[in-house]
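Quick notes on the structure that follows.
Numbering (the numbering used here), first residue to last: 6 to 233.
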């Protein structure tokens, strides 16, 4: 009985929100990562008819910054499958600290925290740069900062994180734009179209350039999808 009580205390105390005064870093665990792949495949397979990957990618052995639209609960899951299918990197993403504290096990599959407006947010910005120093990493970034309608065509970026990455990452990395759209047609369950496109970063690239490029790419994707 004492052993079980000790385990209970350790688990609950270890994941207590009051322990985390600085940012929370990802702590990948290969078993949890494999479980997340299985769970994601089942989840997407249950609610969607198919996922179609539409884009071209040349492997250059570089870390990847993926910028995606943010329209639903399924964001993140879709990118897990896209990474598994195309990019094959260690998956990383950031969540609001208050949300991550509710489910700390997400750190085992690549989640880290950001607390906007707090001192720890500087550490989060630096951590994003650190992730992009490792060629094995893919870092997912939702520039909208919140969920918006899937029909959003003009994207306004929250540029703090992106500007920090562009200004402070000294090594080369690949920039991938990703737009996910859904189409029901005559089906009960919709198809997902996962569009992606790679871009080259130069020392002069800034957040405004990336925002313009992303919006142009989004316009092309909506046109291909038949959305006017």
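Backbone N, C-alpha and C define an ideal beta-carbon position, used for all residues, glycine too.
For residue 230 and residue 77, the gap between their C-alpha atoms comes out near 18 Å.
For residue 180, the closest C-alpha among the options 152, 153 and 144 is that of 144. Taking each of 106, 64, 105 and 210 in turn and checking the Cα distance to residue 91, the smallest one comes out for 64. DSSP lists no beta-bridge partner residue for residue 32. Sorting 205, 217 and 197 by C-alpha distance to the C-alpha of residue 51 places 197 at the top. In this structure, residue 31 sits near residue 116, with a CB-CB distance shorter than 8 Å.
One thing to note: residue 225 has its Cβ no nearer than 8 Å to the Cβ of residue 167. For residue 59 and residue 201, the gap between their C-alpha atoms comes out near 6 Å.
DSSP lists 70 and 204 as the bridge partner or partners of residue 180. For residue 97 and residue 190, the gap between their C-alpha atoms comes out near 33 Å.
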